[in-house]
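Below: the structure, in structure tokens.
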Amino acid sequence: MTYDLIVIGGGPAGLMAAGTAAADGLKVVLVEKKRQITEVNRTCAQAFFSPGVGLGDRFYAESVNLKKAGGVHYFCCPDIGMEVPYHGPLSPSYQLVYLSPSGHAVKRYPDDGAQPWATIFSKKALLAGLVSEAEEAGVDIMSGTAAFAAESISAGVRVLVRVGSREWWLGARAAIAADGLNSAIVECLGLNRYRGVLGGLSKGVQWVMEGMSPEVSQEGNPCFMIAVPSLSRGMVMIGPFPEPDREGLTSLIVTSAGEEVFHGLKKLPRYSSWFRRARLVKRTAYAGKPRTAMRQPVSGRVLVTGDAAAAFETLVVGALACGYRAAKATLRQLDGKPGYEEYTQWWLKAFHFHETDYFKKLRESSGIPLVAVCNDEELDYLYLRLSDRRGDPAKLVREILDVVEDERPELHTRLTAG
476 MTYDLIVIGG GPAGLMAAGT AAADGLKVVL VEKKRQITEV NRTCAQAFFS PGVGLGDRFY
536 AESVNLKKAG GVHYFCCPDI GMEVPYHGPL SPSYQLVYLS PSGHAVKRYP DDGAQPWATI
596 FSKKALLAGL VSEAEEAGVD IMSGTAAFAA ESISAGVRVL VRVGSREWWL GARAAIAADG
656 LNSAIVECLG LNRYRGVLGG LSKGVQWVME GMSPEVSQEG NPCFMIAVPS LSRGMVMIGP
716 FPEPDREGLT SLIVTSAGEE VFHGLKKLPR YSSWFRRARL VKRTAYAGKP RTAMRQPVSG
776 RVLVTGDAAA AFETLVVGAL ACGYRAAKAT LRQLDGKPGY EEYTQWWLKA FHFHETDYFK
836 KLRESSGIPL VAVCNDEELD YLYLRLSDRR GDPAKLVREI LDVVEDERPE LHTRLTAG
């Protein structure tokens with residue numbers, strides 16, 4: 476069968492694109508390599524970051540919100556008229572706590588509980604809702620099917636897919652590539668040659684635990700960022716992991732390292748008791764080479780969207796917006812209008828990572844890389860000094876440099892060397 480649109484990738488961007496395009500009248504097929512589309516087998520924080528408070532402001536530039544109407548929650552992007560219903564558990568977090576190796580704490584936000592900095596959701600539940608809407612709209616979903624090549628032809632585009640040892644071409648008038656950070660379609664089209672590589676391999680591991688008990692105040696449903704220089708130069712992020720069919724789960728994400736950090740943390744005196752009754756439920760990982768964002772996310776009749784075209788990632792709400800706009804743009808392009816041009820214009824202003832000085836600002840706003848500069852004892856010392864303040868320790872430390880210079884001149888020299 477020849478389709479109007481082939482969507483490659485069954486994540487938030489791909490499912491949103493497929494469902495939106497089908498609802499607008501296109502004949503759509505979605506190709507996804509996972510057999511169970513709703514299963515999340517790649518590390519994901521599953522967080523909606525509150526505008527102006529959370530960490531999402533580093534990514535999506537347009538307005539976003541999470542609202543509730545008629546007993547249903549919606550992920551919303553008012554600027555583009557997108558509202559995505561969500562039928563799953565939510566866990567709002569009002570505090571982010573930074574912890575040193577010995578457990579000295581620095582809180583990032585005030586204790587007034589006025590607004591959550593992040594709301595943790597179930598990506599599994601979100602994907603299930605998107606799959607249901609796509610199927611209702613008439614999308615043909617080919618799960619367990621890998622797409623690894625695409626090319627424009629006179630009639631539109633064709634995509635080479637594989638199931639086991641069997642390969643064949645799917646034909647359509649257009650395609651949307653939403654196959655993520657390590658996109659096979661982007662590589663096949665040669666679009667990565669126009670992008671810079673942002674450092675080396677980015678990787679991390681996530682453990683989902685049952686029965687884990689952080690022995691610190693749970694006021695504000697906090698998430699934790701644990702820094703242990705002797706284990707890793709990355710951070711251990713700990714927070715709730717809501718699932719529709721299971722309660723009491725906790726997520727641990729380790730950046731820039733792997734198993735040794737997880738097992739090392741369990742042996743530290745301050746944190747070993749957290750794991751006393753913990754049981755591993757699931758382990759996932761991620762790895763990839765982040766690249767600069769695409770300036771031109773179109774090749775022939777293939778539009779690249781979501782993380783496949785991004786620097787780092789678009790976050791889940793950004794991915795939904797990408798899929799929505801990609802579907803609308805494709806429909807207009809097929810109607811003889813400048814849909815791809817309109818999408819590109821939107822893409823270049825919708826995410827901060829397109830800004831010329833984005834990476835310079837990001838480095839400056841990140842503060843002093845304490846985990847890279849300090850040893851465990853020095854980090855304990857700094858966090859203890861900062862424990863009565865509010866904010867990110869990497870930035871707050873500048874406020875006590877005079878004290879550090881008096882008490883620990885050698886550490887002061889290293890902190891100010893950059």
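Numbering-wise (my numbering), the sequence shown opens with residue 476 and increments by one. Cβ atoms here follow ideal geometry from the backbone N, Cα and C, with glycine treated the same way.
Whose C-alpha, out of the options, is nearest the C-alpha of residue i?
i, options, result
"Ala760", "Leu571, Ser677, Lys742, Cys797", "Ser677"
"Thr819", "Asp532, Ala492, Leu790, Gln771", "Gln771"
"Ile628", "Gly775, Pro567, Thr805", "Gly775"
"Val545", "Tyr561, Arg883, Ile701", "The question names Val, but residue 545 is Gly in the sequence shown. Answer by Cα proximity: Tyr561."
"Lys470", "Ser726, Val504, Val879, Thr513", "What is shown of the chain runs 476 to 893, which leaves residue 470 out entirely."
"Gly631", "Gly489, Lys742, Leu605, Tyr478", "Tyr478"
"Ala753", "Leu823, Ala600, Ile843, Ser688", "Ser688"
"Pro765", "Ala603, Val482, Phe834, Met710", "Phe834"
"Glu626", "Ile651, Tyr573, Pro844, Ser707", "Ile651"
"Thr767", "Gln570, His829, Gly500", "His829"
"Lys422", "Asp720, Ala612, Gly655", "In the structure as shown, the chain begins at 476 and stops at 893. Residue 422 is therefore absent and cannot be evaluated."
Taking 8 Å as the limit between beta carbons, can you name the residues of its chain near residue i, skipping five residues before and five after?
i, result
"Asp855", "Ser575, Pro576, Ser577, His579"
"Leu724", "Val683, Met684, Glu685, Pro715, Phe716, Pro717, Glu718, Val756"
"Thr518", "Gly679, Val680, Gln681, Ile728, Thr759, Ala760, Tyr761"
"Asn516", "Lys509, Thr759"
Which partner residues of residue i appear in the DSSP bridge assignment?
i, result
"Leu565", "Phe596"
"Pro487", "In the DSSP output, where bridge partners are listed per residue, Pro487 has none listed."
"Asn540", "Cys551"
"Gly715", "Note that residue 715 is Pro in the sequence shown here, rather than Gly. In DSSP, Pro715 forms a bridge with Thr725."
"Tyr535", "Phe826"
"Asp615", "Val504"
"Pro560", "Tyr549"
"Tyr573", "Val581, Met700"
"Phe524", "Ala593"
Residue i lies in the beta strand (DSSP E); which residues open and close that run?
i, result
"Asp479", "478 to 483"
"Trp821", "Trp821 -> not in any beta strand (DSSP E); alpha helix (DSSP H) instead, spanning 814 to 825."
"Val504", "503 to 507"
"Arg633", "631 to 638"
"Lys757", "754 to 763"
"Gly739", "From DSSP, Gly739 is part of no beta strand (DSSP E) but of the alpha helix (DSSP H) over 734 to 742."
"Ala437", "Given that the chain is displayed from residue 476 to residue 893, the structure contains no residue 437 and the question cannot be resolved."
"Ala621", "621 to 628"
"Leu778", "777 to 779"
Quick one: what's got a C-beta closer than 6 Å to residue i's C-beta in the same chain, skipping five residues either side?
i, result
"Glu558", "Tyr549, Cys551"
"Tyr422", "Any property of residue 422 remains undetermined from this structure, which presents the chain solely from 476 to 893."
"Asn850", "Pro704"
"Leu565", "Thr594, Phe596"
"Leu861", "Val581, Pro868, Leu871"
Determine the extent of the alpha helix (DSSP H) in which residue i is found, giving its start and end residues.
i, result
"Ser430", "Residue 430 lies beyond the stretch modelled for the chain, which goes from 476 to 893, so this question has no answer here."
"Asp877", "876 to 882"
"Glu853", "851 to 861"
"Arg792", "Checking the sequence shown, residue 792 turns out to be Val, not Arg. Counting along the chain, the alpha helix (DSSP H) containing Val792 begins and ends at 790 to 809."
Once you ignore the five residues that flank residue i on each side, which residues in its own chain have a CB closer than 7 Å to its CB?
i, result
"Arg533", "His827, Leu837"
inquiry  = Could you check whether the segment 779 to 786 touches the segment 604 to 616, counting it as contact only if at least three pairs of C-beta atoms, one from each stretch, sit closer than 8 Å?
reply    = no
query = Do three or more CB pairs link the segment 811 to 821 to the segment 833 to 847 at distances below 8 Å?
reply = no
Any 3 or more C-beta pairs closer than 8 Å across the segment 514 to 523 and the segment 576 to 595 = yes
request  = Kindly confirm or deny that the segment 546 to 560 and the segment 582 to 591 touch, where touching means at least three C-beta pairs closer than 8 Å.
outcome  = no
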